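Asks: Residue numbers (the working numbering), protein chains in the order written: chain X, 1 to 658; chain Y, 659 to 807. Where a beta carbon is used, it is the ideal one built from N, C-alpha and C, also for glycine. Source: prediction; values computed, not measured.
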Amino acid sequence: MMPEIGHFALIIAFCLTLMLATVPAWGAWRGNAVAMSLAPTLAIGIFVFVGISFGCLASAFLQDDFSVALVAAHSNSLLPPIYKFAAVWGNHEGSLMLWALILALWTAAVALFSPQLPLLVLSRVLSVMGAIGVGFLSFSLVTSNPFARLLPGIPDDGGDLNPLLQDPGLIIHPPLLYMGYVGFSVAFAFAIAALLGGRLDASWARWSRPWTNIAWGFLSLGIMLGSWWAYYELGWGGWWFWDPVENASFMPWLAGTALIHSLAATDKRGLFKSWTVLLAIFAFSLSLLGTFLVRSGVLTSVHAFATDPARGMFILVFLALVVGGSLTLYAVRAPAVSSRVTFAWVSRESLLLCNNVVFLVATLTVLFGTLFPLIVDGLGMGKVSVGPPYFNAVFVPLMVLLVPFMGIGPVSRWKGDDVARWRKELMLPAVVAIVCGFTFPLLHAPYNIWVALAVLLSSWLVLGLAQDVWRRLRNASSPARGLRRLTPGYCGMLIAHLGFAACVTGVVATSQYSVERDLRMSPGDTQELAGYEFRFVEVTQVRGPNFIADEARLEVSRDNVIVASMLPQKRRYLATGSMMTEAAIDPGLFRDLYVAMGEPIGSDGAWAMRLHYKPLVRWMWLGAIFMAVGAFTSVLDKRYRTQRAPVAAGNEAALHGA
Amino acid sequence: MHPVRKQRLYLVLFVALFSSAAIGLITYALRGNINLFYPPTEVVSGEAPIGQSIRVGGMVEEGSLLRADDSLAISFTLTDYQASVPVVYSGILPDLFGEGQGAVASGVLSDEGVLQATEILAKHDENYMPPEVAYALENSGYDKKGKTK
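#1: Who are residue 693 of chain Y's beta bridge partners in DSSP?
#2: From the DSSP output, read off the bridge partner residues of residue 569 of chain X.
#3: Check whether the stretch 52 to 61 of chain X touches the stretch 18 to 26 of chain X, taking contact to mean three or more Cβ pairs, one atom from each stretch, closer than 8 Å.
#4: Quick check: what's the CA-CA separation for residue 137 of chain X versus residue 183 of chain X?
#5: Which of the three DSSP states, helix, strand or coil, is assigned to residue 304 of chain X?
#6: Give the DSSP-derived three-state secondary structure of residue 612 of chain X in the structure shown.
#7: For a contact defined as C-beta to C-beta under 9 Å, what are the partners of residue 692 of chain Y on chain X?
#8: What does the alpha-carbon distance come out to for the pair residue 555 of chain X and residue 613 of chain X?
#9: Mind checking residue 95 of chain X: buried by the 16 CB within 10 Å criterion, or exposed?
#10: Do the CB positions of residue 407 of chain X and residue 470 of chain X come within less than 8 Å of each other?
#11: Could you tell me the boundaries of the beta strand (DSSP E) in which residue 747 of chain Y lies?
#12: Between residue 229 of chain X and residue 414 of chain X, what straight-line distance do the alpha-carbon atoms span, to the nearest angstrom?
#13: Based on the DSSP secondary-structure assignment, which residues constitute the bridge partners of residue 717 of chain Y?
#14: Using 8 Å as the Cβ pair cut-off and three pairs as the minimum, do the stretch 623 to 639 of chain X and the stretch 514 to 534 of chain X touch?
#15: Residues in the same chain with beta-carbon distance under 6 Å from residue 790 of chain Y, minus the five sequence neighbours each way, listed in chain order, please.
#16: Using only CA atoms, which one of X:80, X:72, X:117 lies nearest to residue 151 of chain X?
#17: With 8 Å set as the bound, which would you pick, yes or no: does the beta-carbon of residue 739 of chain Y sit closer than that to a beta-carbon of chain X?
#18: Less than 8 Å between the beta carbons of residue 610 of chain X and residue 206 of chain X, yes or no?
#19: Within the 8 Å Cβ cut-off, does residue 702 of chain Y reach chain X?
#20: Counting Cβ pairs, one atom from each stretch, are 3 or more of them under 8 Å apart for the stretch 334 to 353 of chain X and the stretch 283 to 292 of chain X?
#21: Of the residues that make up the stretch 517 to 546 of chain X, which ones have a beta carbon closer than 9 Å to any beta carbon in chain Y?
#22: Between the alpha carbons of residue 777 of chain Y and residue 507 of chain X, how many angstroms are there, rounded?
#23: Give a yes or no on whether the C-beta atoms belonging to residue 125 of chain X and residue 193 of chain X are separated by under 8 Å.
#24: Which residues, taken in chain order from the stretch 44 to 71 of chain X, show a beta carbon closer than 8 Å to some beta carbon of chain Y?
#25: Just checking: is the beta-carbon of residue 706 of chain Y within a distance shorter than 8 Å of some beta-carbon in chain X?
#26: Just list the beta strand (DSSP E) runs in the stretch 489 to 561 of chain X, keeping only unbroken ones of 3 residues or longer that don't cross its boundaries, in chain order.
#27: To which residues does DSSP link residue 593 of chain X through a beta bridge?
#28: Using a Cβ-Cβ cutoff of 8 Å, what residues of the stretch 396 to 421 of chain X are near chain Y? List them in chain order.
#29: Using a Cβ-Cβ distance under 8 Å, would residue 311 of chain X count as near chain Y?
#30: Taking 6 Å as the limit between beta carbons, can you name the residues of its chain near residue 216 of chain X, skipping five residues before and five after?
#31: Just how far apart, CA to CA, sit residue 293 of chain X and residue 141 of chain X?
#32: Given a threshold of 16 other Cβ atoms within 10 Å of its Cβ, counted over all protein chains shown, does residue 653 of chain X qualify as buried or as exposed?
#33: Determine the contact status of residue 226 of chain X and residue 165 of chain X, defining contact as a CB-CB distance below 8 Å.
#34: Along chain X, in chain order, which residues have C-beta atoms closer than 8 Å to that of residue 695 of chain Y?
#35: State yes or no: is the beta carbon of residue 14 of chain X nearer than 8 Å to at least one beta carbon in chain Y?
#36: Just verifying my parser: in three-state terms, what is the DSSP assignment at residue 563 of chain X?
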């Protein structure tokens, strides 16, 4: 009964999205206030019904209702309850349900938390989100119904969740990532609403900014968790593979990074308006493209659950409609909204422009590298793959180009600045950064030029920010008062930029300094790696809730002091018989030690062992967390909550203009 | 010229310059870094280049997997049931690698026609087949158990 209720609720939600997509839009067009005021109620209704539907699906998983095809295929009675719940989105149909739920959540959030938004704008925004909802809910209902029953012939037990996905990372990675992906739909909806209204002003950017920042923050966290999950779960110790699926989430992030910076210029100075709109369209289109790449099965990956051409076709058509439709609208409307504001070349605006150019080019190069194999295959010119060397070769120089500008950005002023002032402000940070760049790598022999460059660039960032904070405190009457005058928006920028510096340092240091060795070890053997002695003590059999495992014990010592006892496992899952490597990690702020088991070798109990020493690897994830925290902090800024009266007046004009 | 137009002109020039630099970078990076895929039949018939990085995919032939006792050296053959390519590799194999399963090896082909693999990719789960392997089998006209279709 429950699955049928869920299915029914999903159909009701679909009907509500149809209404949301049409009625308020019609109201906004004809100036019908009753039709427009339906939008928030409909948005909340959609959330309630998608929520009921999702709840029914989750309860089917938790109660082992194997008459539901999805549960039978992807869950198992031995699975711990928390993984049964996570198994809801560990498959194609369920992950679409999660997508729909999060879209409904964002739509309802916009409806609830936008009291300052004029009804006209709100109804347009919610209508656009409703239209996106129509796309995804019909996709779910037509091609991937999660509630399909297996009748007759209910299996006794389920097929099991892919062991790779039985992990705390899976519980939170997809929801966070989707919060980011789908969150860009809000920025997209605001952009489309502005184009429809024919009026783009600073208040538009101000409404759109907090939503975009939150979405970007979630996306940063989602990507970071994905990288962390790959690191400890895949058993290779790698944290980024430039895998098409990773790129699928990384491209919206890059475009989103450009968007939040361009929005800053639009918000503060009314600049780059049509450009910002284009970026918002671009960021959301890349989110959809990511969904297409990941869900259509055109790519080989743990994320490609099903290879059903009908599904791929559906998303492709939807993508074409969204991109084509919004770009057409843009072409028609953009000339009407373009700005006639100039700015001096030496100013914060031009530095933000640099950011935009670099991030856009980075997005396009990643996009090109990701789609290139598909294009070549489509043209029938063979099957190629574009590997990490390509991405590193194009991405690293771009980031190196970015950071010098990024250091000046926070110090610079809007509208027009003075090179002499920059020189005065930044001379000290530049000198200290150069000194740091030369000296810090001396701590770790042999001297590494790439690490020196990374330290130089990130200390340039950090010191530039420190200089700016100090200048602000110095100019205030007392340091405490100066601190209080730092707005949340400024603090958010500070935290996010510090996070970026940590990320750069972590990525380069761990790529350059890591020591990785695959070895054959027998019990009693000792191996030395980067100053640590790994002693292989024994292998024992252990039993988990739904697996049995060979567990090795290694004692790690440094200068004859034991620093860690590591317990990597080789698991065999009972439901499917599949093997899984569970790496043992001894984490630290300055280094991780990583041990994974390969296969048994020979007859004397020897095993293939993978030993890694990874310095500063946590810095890049910490950096990503900082970026997300920075994005969330910036939303607390007062400027996003006041400004009521002039905005409403402005949109009266828009109403008549449209 | 109107100052706004002038600024726009500079912007366009700047973007054009920057993107051509990026395109140059891309073509440079692409030249050395794309790996072409070959089914075993094409490797054996000599269509695959020697000494260049390529990928070969197929089923791991039953009974072909050999492990050294004293090192991590491994050898096996990849087959599409029409032709087989011997592969040597040193290191740890993915969890789902096994005889009778699909796998993709990337590496360099030696003069003797042995693939010196630097990376082995296997499936992510039991039911999934790497698309390249599916393609190789489709071309050879056998299913994954080695029976003619």
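Replies: Checking against the coordinates, here is how it stands:
#1: X:385.
#2: X:551, X:582
#3: Of all C-beta pairs linking the stretch 52 to 61 of chain X to the stretch 18 to 26 of chain X, fewer than three are shorter than 8 Å, placing the two stretches out of contact.
#4: 17 Å
#5: Unreliable positioning characterises residue 304 of chain X in this predicted model, as indicated by a pLDDT of 46, which lies under 50. The coordinate reading is nonetheless provided below. DSSP places residue 304 of chain X in coil when its eight states are reduced to three.
#6: Three-state DSSP puts residue 612 of chain X in a strand.
#7: 372, 373, 376, 384, 385, 386, 387, 390
#8: Whole-angstrom Cα-Cα distance: 15 Å.
#9: buried
#10: no
#11: 742 to 748
#12: 41 Å
#13: Y:737, Y:760
#14: no
#15: 695, 715, 762
#16: X:72
#17: no
#18: no
#19: no
#20: no
#21: 518, 519, 520
#22: 22 Å
#23: yes
#24: none
#25: No, residue 706 of chain Y does not count as interfacial toward chain X.
#26: Within the stretch 489 to 561 of chain X, the complete beta strand (DSSP E) runs of at least 3 residues are 515 to 521, 526 to 529, 532 to 543, 547 to 558.
#27: X:586, X:613
#28: 397, 398
#29: no
#30: So the qualifying residues of the chain are 256, 260, 631.
#31: 20 Å
#32: The predicted position of residue 653 of chain X is uncertain, since its pLDDT is 40 and thus under 50; a value taken from the coordinates is nonetheless stated next. Here residue 653 of chain X is exposed, its C-beta having fewer than 16 other C-beta atoms within 10 Å.
#33: no
#34: 382, 383, 384, 385
#35: no
#36: strand
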